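In the UniProt record's numbering, the protein residues as written are 1 to 379.
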């Protein structure tokens, strides 16, 4: 036991001497160990991140860090910082010869559109009219007829049995001409002077024993001025005067009703079947309806065709305009959209000249419907 205590004491002394007197190379060894420890920690952290990424990939993304970064689309910019092209624009190309040709050809579809929109200005123009004269009084001057029939408003006339007048109205001409000369010496405004009207009625009707009453009746038929350089219009074709004059506004309302309906349907159909296909289908139908308006004899059929024409015309406008814009990119979209409407003022001038030369609503309709035939070949 004494020997064991001795050995234990000697060991404690040795350990104490080791702690109190470290060797000279202890500091470099400690620095090396620290470097090794930091390297090991870095490797451990890297391994931990790799393990966590593997777990996230297996279990699905659970944190924002696991999501892939979003890639922004490439946008080219000009020297002043304005956006010019996008990804599709880089593929399509800039505004070149092909885009210029397509923009020009698509703008031609606006010509018949403008014709059909502005045609009522010339086709529905008001004409000079009066209550129809009896067949045997067709030789009477219009002013004289208005006076003796008391129809200055051209909608009502005196309730007179005109059949009792002599069949040969030429016999009245010398007496009427003499009375006109006498009245012109006394009255400045003969046709509108009440006393002049009474004089005509007394001089012409009373001696002929014509039965007349104080009441006035509505005119049932009218005559129109053939020398007004207007020709046959909606007014003269369907007697849209007096209480039926509002039908001219109804015809325009039917056209705009078709425009409103076509504006809703054309966008959906263009997205579904393609703008080019929709453009040419609408152009063909526009040509058919435009030419068909030359033939109707009834007002009801005419109103129906006007509504159908408005429906397809707005489809031509929208499909052609959007197609021209989609052929280019960047700032050229604005230019292509404006150029697509460039034929509008030229078309307004053209239809004015055509209306002056034709002087008939049917011939004018035929002239503005024919150009659509040539546009159909642009397919």
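Idealized CB from N, CA, C, for every residue including glycine. Computed from a predicted structure; not experimentally measured.
Task: Contacting residues, own chain, Cβ-Cβ under 7 Å from residue 95 (five flanking each side not counted) - done: 328, 332
- [ ] Identify, in the order they occur along the chain, each residue of the same chain with its Cβ nearer than 8 Å to the Cβ of residue 250, setting aside the five sequence neighbours on each side.
- [x] 303
- [ ] Determine the closest residue to residue 218 out of 241, 231, 325, with distance taken between C-alpha atoms.
- [x] 241
TODO: Please look up how many angstroms separate the CB atoms of residue 283 and residue 109, rounded, as I've assumed it's under 8 Å.
DONE: 6 Å
TODO: For residue 360, name the three-state secondary structure that DSSP assigns.
DONE: coil
Task: Separation of residue 375 from residue 139, as counted between CA atoms - done: If you take the alpha carbons of residue 139 and residue 375, they lie about 50 Å apart.
TODO: Mark residue 259 as exposed unless 16 or more other C-beta atoms lie within 10 angstroms of its C-beta, in which case mark it buried.
DONE: buried
Task: Under 8 Å between C-beta atoms of residue 290 and residue 353 - done: no
Task: Residue ranges of each alpha helix (DSSP H) within the region 321-366, 4 or longer - done: 332-340, 343-358
Open item on the list: Suppose the cutoff is 7 Å on Cβ atoms and the five residues either side in sequence are ignored; what does the same chain contact list for residue 248 look like?
Closed with: 124, 234, 240
Task: Cα-Cα separation, residue 388 to residue 129 - done: Outside the displayed span of the chain (1 to 379) sits residue 388, for which this structure offers no information.
Open item on the list: With a threshold of 8 Å between beta-carbons, can residue 229 be considered close to chain B, or not?
Closed with: As a matter of chain content, chain B is missing from the structure shown, which is built from one protein chain.
TODO: Give the secondary structure of residue 223 by DSSP, where H, G and I count as helix, E and B as strand, and everything else as coil.
DONE: strand
Task: Helix, strand or coil at residue 264 [DSSP, three-state] - done: helix
Task: Supposed close pair residue 127, residue 246 - CB separation, criterion 8 Å - done: Wrong, their Cβ atoms sit about 16 Å apart, outside the cutoff.
Open item on the list: So, at 8 Å on beta carbons, what are the nonlocal neighbours of residue 103 in its own chain, with the 5 sequence-adjacent residues on each side left out?
Closed with: Correct list, in chain order: 324, 327, 328, 336, 339, 340.
TODO: In angstroms with no decimal places, state the Cα-to-Cα distance between residue 151 and residue 216.
DONE: 9 Å
TODO: Return helix, strand or coil for residue 379, following the three-state DSSP convention.
DONE: coil
Task: Alpha carbon of residue 271 to alpha carbon of residue 319, nearest angstrom - done: 10 Å
Open item on the list: Looking at residue 105: is its Cβ nearer than 8 Å to the Cβ of residue 378?
Closed with: yes
Open item on the list: What would DSSP say about residue 370, mapped onto helix, strand or coil?
Closed with: coil
Open item on the list: Quick check on DSSP: helix, strand or coil for residue 255?
Closed with: Reduced to three states, the DSSP call for residue 255 is helix.
Open item on the list: To the nearest angstrom, how far is the alpha carbon of residue 308 from that of residue 265?
Closed with: Rounded to whole angstroms, residue 308 to residue 265 spans 13 Å at the Cα level.
- [ ] To the nearest angstrom, report how far apart residue 30 and residue 87 are at their CA atoms.
- [x] Because residue 30 sits at a pLDDT of 43, beneath the cut-off of 50, its placement in the model cannot be relied upon, and the following sentence gives the value as read from the coordinates. The straight-line gap from Cα to Cα measures roughly 60 Å.
Task: Three-state class that DSSP yields for residue 216 in the structure shown - done: strand
Task: Inter-residue spacing [alpha-carbon to alpha-carbon] between residue 305 and residue 268 - done: 23 Å
Task: Endpoints, beta strand (DSSP E) assigned at residue 113 - done: Segment 110-118 is the alpha helix (DSSP H) holding residue 113; no beta strand (DSSP E) there.
TODO: Output the distance between the C-alpha atoms of residue 285 and residue 361, rounded to the nearest integer angstrom.
DONE: 21 Å
- [ ] Please classify residue 122: is it buried, with 16 or more other beta-carbons within 10 angstroms of its beta-carbon, or exposed?
- [x] buried
TODO: Between the Cα of residue 346 and those of 118, 298, 238, spot the shortest distance and give me the residue it belongs to.
DONE: When each option's Cα is compared against that of residue 346, the closest is 118.
Open item on the list: Out of 315, 330, 116, 155, which one is the CA nearest neighbour of residue 294?
Closed with: 116
TODO: Would you mind sorting residue 82 into buried or exposed? The rule is 16 or more other CB atoms within 10 Å of its CB.
DONE: Here the model assigns residue 82 a pLDDT of 47, short of 50, so the residue's position is not dependable and the matter cannot be decided.
TODO: Enumerate in chain order the residues of its own chain whose CB-to-CB distance from residue 238 is below 6 Å, with the five nearest sequence positions on each side excluded.
DONE: These residues qualify, in order along the chain: 299.
- [ ] Would you mind sorting residue 255 into buried or exposed? The rule is 16 or more other CB atoms within 10 Å of its CB.
- [x] With a 10 Å radius around the Cβ and a threshold of 16 neighbouring Cβ atoms, residue 255 comes out buried.
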